[in-house]
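Number of protein chains: 2
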Amino acid sequence: MTTTTEENYLKAIYHLSSRHQKSVLTSEIAGSLSTTSASVTDMLKKLSDKNLVEYERYKGVRITRKGEKVALSIIRRHRLWEVFLTDVLKFKWDEVHDMAEELEHVSSDELVKRLDSYLGYPKFDPHGDPIPDTNGKVPANGQQLLSEMTSTGTYVISGVNDHSPAFLQFLEKKGLVPGTVFSIMEIDGFDHSMHIEFQNRKSTYISKEVSRNILIKSHA
Amino acid sequence: MTTTTEENYLKAIYHLSSRHQKSVLTSEIAGSLSTTSASVTDMLKKLSDKNLVEYERYKGVRITRKGEKVALSIIRRHRLWEVFLTDVLKFKWDEVHDMAEELEHVSSDELVKRLDSYLGYPKFDPHGDPIPDTNGKVPANGQQLLSEMTSTGTYVISGVNDHSPAFLQFLEKKGLVPGTVFSIMEIDGFDHSMHIEFQNRKSTYISKEVSRNILIKSHA
DNA sequence: AAATAAAATTAGATTAGTCTAAAATTAGAA
DNA sequence: TTCTAATTTTAGACTAATCTAATTTTATTT
Chain A
1 MTTTTEENYL KAIYHLSSRH QKSVLTSEIA GSLSTTSASV TDMLKKLSDK NLVEYERYKG
61 VRITRKGEKV ALSIIRRHRL WEVFLTDVLK FKWDEVHDMA EELEHVSSDE LVKRLDSYLG
121 YPKFDPHGDP IPDTNGKVPA NGQQLLSEMT STGTYVISGV NDHSPAFLQF LEKKGLVPGT
181 VFSIMEIDGF DHSMHIEFQN RKSTYISKEV SRNILIKSHA
Chain B
221 MTTTTEENYL KAIYHLSSRH QKSVLTSEIA GSLSTTSASV TDMLKKLSDK NLVEYERYKG
281 VRITRKGEKV ALSIIRRHRL WEVFLTDVLK FKWDEVHDMA EELEHVSSDE LVKRLDSYLG
341 YPKFDPHGDP IPDTNGKVPA NGQQLLSEMT STGTYVISGV NDHSPAFLQF LEKKGLVPGT
401 VFSIMEIDGF DHSMHIEFQN RKSTYISKEV SRNILIKSHA
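Those protein sequences? They're chains A and B, same order as listed.
So for the first sequence, my numbering puts the first residue at 1; every next one is plus one.
So for the second sequence, my numbering puts the first residue at 221; every next one is plus one.
Written out as structure tokens, the structure is:
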């Protein structure tokens with residue numbers, strides 16, 4: 001039905017769409033997939049012919065309901081495999097992305113169903129990203145960006161926006177993994193760096209660069 | 221390094237090689253992969269350039285040490301995933317082949333290593349096929365073809381040669397699954413059909429067509 | 001040993017995905 | 001509002017894998 005390459009384009013377009021309301025630009029897609037605008041244009045025509053995106057020359061592209069369903073099903077598989085890799089095979093959260101990137105294209109729906117059941121129907125992947133259900137519904141998660149916080153308070157780390165091994169390893173070292181509870185002690189007015197304190201009283205500083213990529217929930 | 225298609229050709233050539241000593245013929249490969257001889261010829265040149273096979277025009281092909289290593293590593297992955305699918309996700313033995321066919325091409329060696337460890341280092345897959353180790357060693361298994369037996373005796377079913385869902389479902393219905401203990405009561409001189417009896421005294425008849433595809437070991 | 005049948009190879013196309021370089025279009029600036 | 005710069009698209013070519021049809025080679029049979 002859809003090739004692996006088409007699936008990767010749809011995933012990229014879906015992710016870029018959710019970052020802003022406007023149409024997704026050819027160059028954005030090219031950037032995100034490390035390919036050329038020429039290749040993207042070709043693929044957009046193909047996806048448009050299959051009614052997976054609405055595409056108008058020079059005007060960028062919007063994903064259709066049908067395309068979104070495909071994208072969400074791939075994202076569901078990706079995140080379920082990430083849970084499998086960390087929870088069952090004990091990989092670290094910074095090691096699973098590339099493997100999940102391959103596993104997500106294995107096509108059996110029954111396999112995904114059984115995997116989901118075996119894992120106990122997880123709602124979030126190891127990076128805190130919500131796992132869409134079979135119908136493409138994404139669980140609401142009340143996550144906010146740490147960088148958007150303007151006042152002190154106590155929070156739990158629930159996810160990340162940057163999934164690169166480098167960033168994940170940095171967070172690991174600083175003790176900023178999902179589930180960690182911390183309080184914002186002070187926010188610097190000049191560079192928006194934050195002074196935060198953990199439950200064990202240890203504290204550290206976080207730059208805006210970092211807080212921009214950390215997702216949190218308020219702590220009960 | 222190797223593409224999925226190249227891996228599938230190497231697997232086919234490896235399997236065909238083990239059926240006879242001679243070079244593998246272009247048409248055998250085409251038949252086994254449901255493709256044309258023309259396509260096979262093209263691919264043989266490519267594999268030969270990569271030193272994965274020894275190929276001489278019109279003379280058929282032999283797999284090299286290097287090609288065999290690749291084939292065995294794919295076969296290892298395939299069989300480990302089959303164990304995962306049956307033992308962990310509870311699929312039936314006649315359902316796992318196509319999924320394993322896709323999973324075997326996921327490239328991470330570390331993933332295979334962890335999977336192997338998680339499954340408890342199994343030596344055989346659900347169809348009784350031996351799982352090659354990391355170095356490409358295939359465990360000796362003392363298996364024989366049921367159709368080769370010439371005298372009465374007691375045996376255990378240890379595997380099959382035909383992996384098609386139709387055949388596996390037939391065996392399931394007849395109670396001829398791996399692990400089943402039975403005795404050969406009589407072999408018909410005319411059509412080589414066998415009268416066999418199970419431990420619970422029930423008995424059945426097996427045609428040569430069937431016994432040709434059942435692997436057995438002698439029962440302790 | 002020549003004729004013929006079977007098998008294998010080559011020639012030439014096709015499809016999916018990609019690229020570079022050139023042309024077209026849009027949007028921002030003077 | 002015209003010009004310029006940035007973006008996007010087209011044109012043309014390449015690689016991997018495939019096909020059909022034609023040709024070549026091998027093997028068999030008379």
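Positions of the beta carbon are idealized from the N, C-alpha and C atoms, including for glycine.
Practice task
Please confirm whether residue 92 of chain A and residue 158 of chain A have their CB atoms less than 8 Å apart.
Solution key: no
Problem - Cβ shell of residue 227 of chain A (< 7 Å), same chain only, five flanking positions each side left out - result: The structure shown does not extend to residue 227 of chain A, since chain A is modelled only from 1 through 220, so no value can be given for it.
Exercise for the section: With 8 Å as the threshold, decide whether the Cβ of residue 115 of chain A is near any Cβ in chain B. Expected result: Taking CB atoms only, residue 115 of chain A has a neighbour in chain B less than 8 Å away.
Problem - Where residue 304 of chain B falls: helix, strand or coil (DSSP) - result: helix
Practice task
Tell me residue 373 of chain B's beta-bridge partners as DSSP assigns them.
Solution key: B:404
Practice task
Identify every residue that forms a DSSP beta bridge with residue 195 of chain A.
Solution key: A:186 and A:205
Practice task
With a threshold of 16 other CB atoms inside 10 Å of the CB of residue 247 of chain B, please say whether the residue is buried or exposed.
Solution key: Its Cβ having fewer than 16 others within 10 Å, residue 247 of chain B is exposed.
Practice task
Find the residues of chain A that neighbour residue 309 of chain B, judging by a C-beta separation of less than 8 Å, and give them in chain order.
Solution key: What residue 309 of chain B touches in chain A: 111, 114, 115 and 118.
Practice task
Using alpha carbons as the reference points, say which of B:430, B:361 and B:367 lies closest to residue 386 of chain B.
Solution key: B:430
Practice task
Provide the residue(s) that pair with residue 275 of chain B in DSSP beta bridges, ordered along the chain.
Solution key: B:281
Problem - N-terminal and C-terminal residue of the beta strand (DSSP E) that residue 438 of chain B is part of - result: 434-438
Handout entry: Test item: CB-CB of residue 229 of chain A and residue 138 of chain A under 8 Å
Key = Nothing can be reported for residue 229 of chain A, as the shown portion of chain A is limited to 1 through 220.
Practice task
Pair every Cβ in the region 260-271 of chain B with every Cβ in the region 306-323 of chain B, then say whether three or more of these pairs are closer than 8 Å.
Solution key: no
Exercise for the section: Indicate the three-state DSSP secondary structure (helix, strand or coil) for residue 344 of chain B in the structure shown. Expected result: strand
Handout entry: Range covered by the alpha helix (DSSP H) that runs through residue 334 of chain B
Key = First-last of the alpha helix (DSSP H) with residue 334 of chain B: 329-338.
Problem - Contact residues within the region 285-306 of chain B, judged by C-beta distance below 7 Å to chain A - result: none
Handout entry: residue 367 of chain B versus residue 410 of chain B - alpha carbon distance
Key = 13 Å
Problem - Where residue 406 of chain B falls, given that 16 or more other Cβ within 10 Å makes a residue buried - result: exposed
Exercise for the section: For my contact list, residue 64 of chain A and residue 52 of chain A are in at a C-beta cut-off of 8 Å; report their separation, rounded to the angstrom. Expected result: 6 Å
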